[in-house]
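Colleague: Before we start, here is the structure in question, set down as structure tokens.
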């Protein structure tokens, strides 16, 4: 089975964190998020964090990860240097990749690591290039940390750059209904232009579904919970069709409640749905593409207990809009993040690291 999983490790001011999303047929699911303080850029602590979170991520997604994205926020520990240079005529006959390599070597000679560059519009027949760099030794330490943990850094991104991109991405979202499935309740939030205009809780959480199964099959709720777990793992044969029917019935009830609130509040405006809590993600995976037909959920961002960060939304925007970088090797695509549970040693090309 193939899945698209984006793993982003983030060096923010005084914080080192990781965020993981899975791009599915029905949206972007936040599946893992964790952070630790990093006030002194302590390499031992960073290594321990990467090692432990990698294990937790692989356990969560049931796949081995090989490739990650690194996001850097300008700070005293990791300073991002920006400068504009004139694109001299000596590079006019070079390919984009050759230009990138030449710029890379020039910055390396200055003890700077080039992780991004872009052209600025010509002015009076002169072509300028905007460079983004990190201190060479700091960048080398970052790459070595991930190499030590058998991880390949595909791209390094500027935190502010991704945040700016996410602003345009979020403007397109209009109205969204965010649904959180918890044990006891179903939380519904309706947002318009990213502002919450309605919030409500219903006693229709996971326990409601378990009770529905228990009453229908005339078994205890503990047994119903076991039956539901077995069904989500495709390990249940006896009452599979009945459990699937009950799950669909439950989801239709959820859809009915959400639609009711939206119709009243938004007067038939086009509503885009998002969900879910991690406890029910496996249930939705059972239906895959059918979930769109099942409950009118559009292909929006799916939220878990926390909202996907702006910087991750920036990465999603680059992928979804097929944003082309100056050279092909620096362009980010969803294909770079395909994981195959039956082929765990697949490796991708990384532009970033040349010793």
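Numbering (this note's numbering), first residue to last: 4 to 358. Glycine residues also receive a C-beta, built at the ideal position from the N, C-alpha and C atoms.
(1) If we ignore side chains and look at the alpha-carbon of each, how far apart do residue 75 and residue 248 end up?
(2) Thinking C-alpha only, which one of 104, 142, 103 and 148 is nearest residue 114?
(3) Go ahead and pull the three-state DSSP assignment for residue 31.
(4) State whether the segment 225–237 contacts the segment 184–191, with contact taken as three or more CB pairs (one from each stretch) at a distance under 8 Å.
(5) Counting pairs of beta carbons, one from the segment 53–72 and one from the segment 11–19, are three or more of them closer than 8 Å?
(6) Can you round the beta-carbon distance between residue 137 and residue 118 to whole angstroms, since I take them to be within the 8 Å contact cut?
(7) Is residue 56 helix, strand or coil when you go by DSSP?
(8) Tell me the DSSP secondary structure of residue 235 in three-state form.
(9) Where do the ends of the alpha helix (DSSP H) carrying residue 216 lie?
(10) Let me check one thing: in DSSP terms, what residues is residue 71 bridge-paired to?
(11) Please name the residue, chosen from 146, 62, 227 and 166, that lies closest to residue 158 on a Cα-to-Cα basis.
(12) Looking only at its own chain, which residues have a Cβ that is under 7 Å from the Cβ of residue 54, when we skip the five neighbours before and after it?
(13) State the DSSP-derived secondary structure class of residue 89, mapped to helix, strand or coil.
(14) Please state if the CB of residue 236 and the CB of residue 148 are separated by a distance shorter than 8 Å.
(15) Taking the CB atoms as reference points, tell me whether residue 156 and residue 212 lie closer together than 8 Å.
(16) Going by CA-CA distance only, name the one from 88, 23, 81 and 101 that's closest to residue 59.
(17) Which first and last residues belong to the beta strand (DSSP E) in which residue 13 is found?
(18) So for residue 331, helix, strand or coil by DSSP?
(19) Return the Cβ separation of residue 41 and residue 77 in integer angstroms, given the expectation that the two are a contact with Cβ distance under 8 Å.
(20) Could you spell out where the alpha helix (DSSP H) holding residue 110 opens and where it closes?
(21) So which of 121, 207, 139 and 244 has the shortest CA-CA distance to residue 133?
(22) Compare the C-alpha of residue 204 against each of 185, 312 and 214 and name the closest.
(23) Can you check whether the CB of residue 25 is closer than 8 Å to the CB of residue 169?
(24) CB residue 66 to CB residue 21, shorter than 8 Å?
(25) Rounded to whole angstroms, how far is the Cβ of residue 161 from the Cβ of residue 83, which I believe are closer than 8 Å?
(26) Give the secondary structure of residue 64 by DSSP, where H, G and I count as helix, E and B as strand, and everything else as coil.
(27) Please return the same chain residues whose Cβ sits closer than 6 Å to the Cβ of residue 101, not counting the five positions on each side in sequence.
(28) Here's the rule: buried if 16 or more other CB atoms are within 10 angstroms of the residue's CB, otherwise exposed. What is residue 31?
(29) When the distance is taken between beta carbons, is residue 135 closer than 8 Å to residue 57?
(30) Closest to residue 110 by C-alpha separation, out of 123, 90, 311 and 139, would be which residue?
(31) Cutting at 7 Å between CB atoms, please list the residues of its own chain near residue 63, excluding the five before and the five after it.
Modeller: Considering the structure as presented:
(1) Your numbering for residue 75 matches position 72 in the chain shown. Your numbering for residue 248 matches position 245 in the chain shown. Between residue 75 and residue 248, the C-alpha separation is close to 47 Å.
(2) Taking the first residue of the chain shown as 1, we reach residue 114 at position 111. Considering only alpha carbons, the answer is 142.
(3) Indexing the chain shown from 1 puts residue 31 at position 28. Taken through DSSP and simplified to helix, strand or coil, residue 31 comes out as strand.
(4) With the cut-off at 8 Å, the segment 225–237 and the segment 184–191 do not touch.
(5) Yes: at least three Cβ pairs fall under 8 Å.
(6) As a position in the chain shown, residue 137 is number 134, starting the count at 1. As a position in the chain shown, residue 118 is number 115, starting the count at 1. Indeed, because the Cβ distance is near 6 Å, the residues count as touching under 8 Å.
(7) Numbered from 1 along the chain shown, position 53 holds the residue referred to as residue 56. Here residue 56 carries a helix assignment [DSSP, helix/strand/coil].
(8) Stepping through the chain shown from its first residue, residue 235 is reached at position 232. The answer is helix: DSSP assigns residue 235 an H, G or I state.
(9) The residue given as residue 216 occupies position 213 in the chain shown. For residue 216, the enclosing alpha helix (DSSP H) stretches over residues 209–220.
(10) For this step, residue 71 is matched to residue 68 along the chain shown. Residue 71 is bridged by DSSP to 156.
(11) One-based indexing of the chain shown puts residue 158 at position 155. That would be 146, whose Cα lies nearest to the Cα of residue 158.
(12) Mapped onto the chain shown, residue 54 falls at position 51. Close CB contacts of residue 54 within its chain, under the 7 Å cut and outside five residues either way in sequence, are with 152 (chain order).
(13) For the purposes of this step, residue 89 is taken as residue 86 along the chain shown, with counting starting at 1. Residue 89: strand per DSSP, three-state reduction.
(14) For the purposes of this step, residue 148 is identified with residue 145 of the chain shown, where counting begins at 1. For the purposes of this step, residue 236 is identified with residue 233 of the chain shown, where counting begins at 1. By the CB criterion at 8 Å, residue 148 and residue 236 fall outside the cutoff.
(15) Reading the chain shown from its first residue, position 153 is the one you call residue 156. Reading the chain shown from its first residue, position 209 is the one you call residue 212. Taking 8 Å as the Cβ cut-off, residue 156 and residue 212 do not qualify as a contacting pair.
(16) As a first step, residue 59 must be located in the chain shown, where it is residue number 56. The residue among 88, 23, 81 and 101 with its C-alpha nearest the C-alpha of residue 59 is 23.
(17) As a working note, residue 13 is residue 10 in the chain shown. Membership of residue 13 in the beta strand (DSSP E) is indicated by the continuous run 5–15.
(18) What you label residue 331 is simply residue 328 of the chain shown in a count that begins at 1. At residue 331, the pLDDT of 42 sits below 50, so the modelled position is not reliable; the number obtained from the coordinates is stated separately. For residue 331, the three-state secondary structure derived from DSSP is helix.
(19) Along the chain shown, one-based indexing puts residue 41 at 38. Along the chain shown, one-based indexing puts residue 77 at 74. That pair is no contact at about 15 Å.
(20) One-based indexing of the chain shown puts residue 110 at position 107. For residue 110, the uninterrupted alpha helix (DSSP H) segment begins and ends at 99–112.
(21) Looking up residue 133 in the chain shown gives position 130. Closest option to residue 133, judged by alpha-carbon separation, among 121, 207, 139 and 244: 121.
(22) Position 201 of the chain shown, counted from the first residue, corresponds to residue 204. Proximity to residue 204 across 185, 312 and 214 peaks at 185, based on C-alpha coordinates.
(23) Mapped onto the chain shown, residue 169 falls at position 166. Mapped onto the chain shown, residue 25 falls at position 22. Not closer than 8 Å, so no.
(24) Counted from its first residue, the chain shown places residue 66 at position 63. Counted from its first residue, the chain shown places residue 21 at position 18. Taking C-beta atoms as the reference points, residue 66 and residue 21 fail to come closer than 8 Å.
(25) Here residue 161 refers to the residue found at position 158 of the chain shown. Here residue 83 refers to the residue found at position 80 of the chain shown. Contact flag correct, Cβ pair sits at about 6 Å.
(26) As a first step, residue 64 must be located in the chain shown, where it is residue number 61. When DSSP states are grouped into helix, strand and coil, residue 64 belongs to the helix group.
(27) Residue 101 sits at position 98 when you count from the first residue of the chain shown. Once the five neighbours on either side are set aside, residue 101 has no close Cβ partner at all.
(28) The sequence position of residue 31 within the chain shown is 28, counting from 1. Taking every protein chain shown into account, the CB of residue 31 has 16 or more other CB atoms within 10 angstroms, so this residue is buried.
(29) Numbered from its first residue, the chain shown carries residue 57 at position 54. Numbered from its first residue, the chain shown carries residue 135 at position 132. If you check the CB distance, residue 57 and residue 135 do not come in under 8 Å.
(30) As a position in the chain shown, residue 110 is number 107, starting the count at 1. Comparing Cα-Cα distances from residue 110 to each of 123, 90, 311 and 139, the minimum goes to 139.
(31) Walking along the chain shown from the start, residue 63 turns up at place 60. Correct list, in chain order: 34 and 35.
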